[in-house]
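Numbering (our numbering), first residue to last: 4 to 1264. C-beta atoms are modelled at their ideal positions from N, C-alpha and C, and glycine is treated no differently. All figures in this text were calculated on a predicted structure; none of them were measured in a lab.
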């Protein structure tokens, strides 16, 4: 006797015989067109975009098919199958099909124009046509009837299509013969179909002999297989929506020989039995037959109705198809001497599901997941089930798999990982998993109940909690910790068996008897015979148990008699086992129980109370049992327990932000936590794993239309949402009632704040409710949410700028998006939230394709932020884009953008080019004082950096005047800052400090942190020049803290160099070296020429002081070259001074030459203090070469110049050198007697200033 699957329903027939009323065959022409390139396109496009693209192509192809009198039989992923000759055959069907094919190729070319404009790619089409006899009509008998055609022409058309070059049409010899009068064909050629096999005779279509005929068909609405899953009141589920589904493709490996061996009526009967096998398994496990494709079938699990375990259902259906096919083959071999082999491919992924728009009313799914499933099926071996990596991850605890392998798939850029399914995992619960956390109290209670049961008083306990809260893990921990002599029995209800009578009881019996899925009837009988509790009841019990389990055995008892006997058997079996050893029975997932099993279990509970037995049930709700029991409710894990679970699951320690994000999004649900952590990939954001998506989509699909709509609208608003915003977004829905439903179903919960507020219980729930909506619908709702905020909070808009930018950015109203994104960007820019500002401005530019001014504003703002963070080339590119967007209009705006571009070019070292632009802007904008002020101060900066201080002062004073006239305090503050710098370089430090303080006050009033940082820096420089090193360091630290916070890379490079200089002056050479290196790295990363020179100069001087003279001098020379490139004469003097200083000891002649050049530049620029520095070095060089008198002359002049300023440290250096020179004078020279006093004065100054390096030099001299 063969085993059948009881729950599937109709058993495999003992014989397959043709029905006497089966009609004969009819001759038709079958056309198969496949769009090439869509698989690769699917890797790039969102499923919704792909559906839109393919929908446009399919609509074009369908129009041509209908115009020529054909019928669209079905859409197959990115292909279409059409038939000419149904329901009535016409003499010119072949001609119509070929003319249609030519028109379809032309339609593809037209559609490619729009596709290329949008995505830069084009698709191509290959078409195969075959003519011959087929069996047409309904197939699959009483399971799921569907009108289609079956026969050799279908397979031949598919083979020809696969062999056709892109853009061509190949036809069979029969088609050529029938259409030769109207069509021009090429010579006969051999076509080699994909997958190998014999070459096929074919003819290529060359052209038409006469005008095309256009025969219009009236499109007929057809019932879709999806409609069989839902009732009319839930028809909204057929609307287009995004879903994660599992797609199954099953195909006979080679059906073409069947047509040559069987009569038409026999062929129809064989295919009816074959499709019946497929349909019964698919329907039993809750799948939707999307379409029949010749001798193949495509099924979808998860659309239109989602289940928590759609991936498992799909794979179980695939295994059942293969098992039933083996049984069917025994009948086919006996009846016809034939057998069939089926290969199956399964894949899980995101699709857009719903009714196709247009002439053909068909529910289908579109997305790369469909094409991938079909490609996997084509790679499967006969009799095998091959699944994708995503499906394996979804079903990993339910099946055994072979080792993963990679296959090459047409249209995929990378090999595709797949696995073969080896069999069903028969454990009642998942394998493995982390040690349980956060359930010590509940576990202790269960063990206490177990101990109580050992006295002979049975304990009944019910554990309930939401999906994923850890019921299964708790039970597993309980069972693993029981004493070894305890008998354990664990069964589970399945979601797809709720309508199957006694399904749960049958599972209990199977586990009692240890009967596995591969056991035949003989093994089952042996297992019953070995169980004395059952065998003692005789043949009646054996027959009943075999029927219950699913073997092809029928008990002679009536239903009431079967029930009485079944209860008696189970009571006896439980009593016997409990007497032999302590007994623990677990029945999980009672929320999926079938009614008959629930009634039986309820009666057994009374028996178990008098046994040495612990009976545990689990379910989602407390009310899922009808008997009295101890109740344990599981809540979400505490934050501490959830954090511990994350640590146990993670393969490597997670950073704090990632861990916090996981905690926030999973809400303490252990299953969510485990799946999210398991799905983490380096460098990837946290997403919803497929297992969680399945669970939550199923919960959404269980909702009625109004609550589902409210949940989706609320998800668009956010994780937390105000009810009055929701009311504005969904005014037509009874949102209050729906919110009550969502609260009851634990989708949302109230938040205890003054404003009526709700929040999604889990962030993942909100994400799935959001992602299941079409992008077009989400975009409309985002705009509605933004509009609601504006209406409700019109007087508080500044509070909601970021919220409005968020929603309008994701909406479909470009003008609103541009407006609010720019406002949010400027707000972030003012706060120096540079990353956020860049994001907002870039999004505004993207949405402003039809708004040139908005685009210009966004691009200019991007340039401003990029300039602050040191990305100068990128800033220039954005400014150039802003100028293009502005066109020839608005000269003031054009001048402003040009001036900003010139500022960047100045930073990069193009001084002449920058100055030319500033001059042009000043001349062109005489009536725009604000913009003139900015250009004037930029010219002033160039002048002082070039050592032209009088010109700089004049420019900057003019800038202040223009700024005051324009009321532009920003420009005024900047001009005053530069005036302070000019005074500083001229040696008037008190005046410099006064300007700096005026500028700082303005920047503080403006809230300009960048300006405040610059002034703190300048104050630090003045303090250092006053030799107040502690004050200088404090000011630098304040400046650097601001710069670091706002991301000012140029300022950081400058600040680090100045901190390094303080270290250098204090003799902290290691610290100075490190700080200069950090400054150099930043300056080089942003391409700031002056900053590179500054850091190199300090680094070189430090190396020289450390004894590394040669590399130090090279750094100083490179700094000098950078300053020359930037036209910065002031800093060139400093570089020449340090270079000369490095030569004093070992090449005084070179030192003199270099210092003399520097002195010339300083005198030319009227820099008194710097002239004093150079004379100091010249004096030291003369001392080294023994020219005492020349040294004294230079040093005395240096002393006179430096005494006029506040540079105490430099003045002390000159005094120390002069003392050395005076000591070389004759004893009778009065100046010699001054030497000790000068040395003492220098020592005192160095000590007071903390100038440790100068003290060391003084002591070693």
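8 angstroms contact criterion, which residue i and residue j should meet: CB distance rounded
i	j	result
residue 71	residue 99	4 angstroms
residue 664	residue 622	Incorrect: roughly 31 angstroms between the Cβ atoms, too far for contact.
residue 337	residue 288	Rounded, the Cβ-Cβ distance is 29 angstroms, inconsistent with contact.
residue 597	residue 502	7 angstroms
residue 836	residue 863	Not a contact, Cβ separation roughly 18 angstroms.
residue 344	residue 285	Going by Cβ atoms, the distance from residue 344 to residue 285 rounds to 19 angstroms, so no, they are not a contact pair.
residue 1175	residue 1204	4 angstroms
Helix, strand or coil at residue i [DSSP, three-state]
i	result
residue 628	coil
residue 540	coil
residue 883	helix
residue 554	strand
residue 1062	helix
residue 1147	coil
residue 518	coil
residue 1091	coil
residue 152	strand
residue 352	strand
residue 1030	coil
residue 244	strand
Neighbour-count burial assignment, residue i, 16 or more Cβ in a 10 Å radius
i	result
residue 1106	buried
residue 710	buried
residue 379	buried
residue 993	exposed
residue 469	buried
residue 1026	buried
residue 24	For residue 24, the predicted structure reports a pLDDT of 46, less than 50, and the residue's modelled location is therefore unreliable. The matter cannot be settled from this model.
residue 1045	buried
residue 1179	buried
residue 248	buried
residue 564	exposed
residue 47	exposed
residue 411	exposed
residue 756	exposed
residue 1285	This structure cannot settle anything about residue 1285, because the visible part of the chain is limited to 4 through 1264.
residue 346	buried
Opposing strand residues paired with residue i [DSSP bridges]
i	result
residue 254	299, 346
residue 304	249
residue 588	492, 618
residue 832	Answer by DSSP bridge pairing: none, since residue 832 is not bridged.
residue 317	In the DSSP output, where bridge partners are listed per residue, residue 317 has none listed.
residue 210	187
residue 357	367
residue 85	34, 75
residue 292	302
residue 635	466
residue 389	348, 423
Check: residue i C-beta below 7 angstroms from any heavy atom of the ligand FMN
i	result
residue 585	In the structure on display, the ligand FMN does not appear, and there are no ligands present to speak of.
Fill in: Length at least 3, wholly inside the stretch 396 to 468: the beta strand (DSSP E) runs in chain order
Taken in chain order, the complete beta strand (DSSP E) segments of 3 residues or longer contained in the stretch 396 to 468 are 402 to 404, 408 to 410, 419 to 427, 462 to 467.
Practice prompt. Counting only runs of 4+ residues fully inside the stretch 91 to 140, write out the alpha helix (DSSP H) ranges in chain order.
Written response: Along the stretch 91 to 140, the alpha helix (DSSP H) occurs as fully enclosed runs of 4 or more residues at 96 to 122, listed in sequence order.
Worksheet item: Going along the chain, which unbroken runs of the alpha helix (DSSP H) with 4 or more residues stay wholly within the stretch 166 to 206?
Response: Correct list: 176 to 182.
Worksheet item: Which ranges does the beta strand (DSSP E) cover as unbroken runs of at least 3 residues, wholly within the stretch 720 to 745, from first to last along the chain?
Response: If only complete runs of 3 or more residues are kept, the stretch 720 to 745 shows the beta strand (DSSP E) at 723 to 725, in order along the chain.
Discussion item. For a minimum of 4 consecutive residues, which ranges assigned as the alpha helix (DSSP H) are wholly contained in the stretch 1113 to 1201?
Written reply: If we require 4 residues or more, the alpha helix (DSSP H) runs fully inside the stretch 1113 to 1201 come out as 1132 to 1146, 1151 to 1167, 1171 to 1187.
Discussion item. List, from N- to C-terminal side, the alpha helix (DSSP H) runs of 4 residues or more that fit wholly inside the stretch 737 to 809.
Written reply: Runs of the alpha helix (DSSP H) inside the stretch 737 to 809: 738 to 747, 766 to 774, 778 to 795.
Item to complete: Mind listing, in chain order, the continuous beta strand (DSSP E) runs of no fewer than 3 residues lying wholly within the stretch 653 to 717?
Response: Annotation: the stretch 653 to 717 contains no complete segment of the beta strand (DSSP E) (minimum length 3 residues).
Worksheet entry | Completely contained alpha helix (DSSP H) runs for the stretch 884 to 915, where each covers 4 or more residues | Correct list: 894 to 910.
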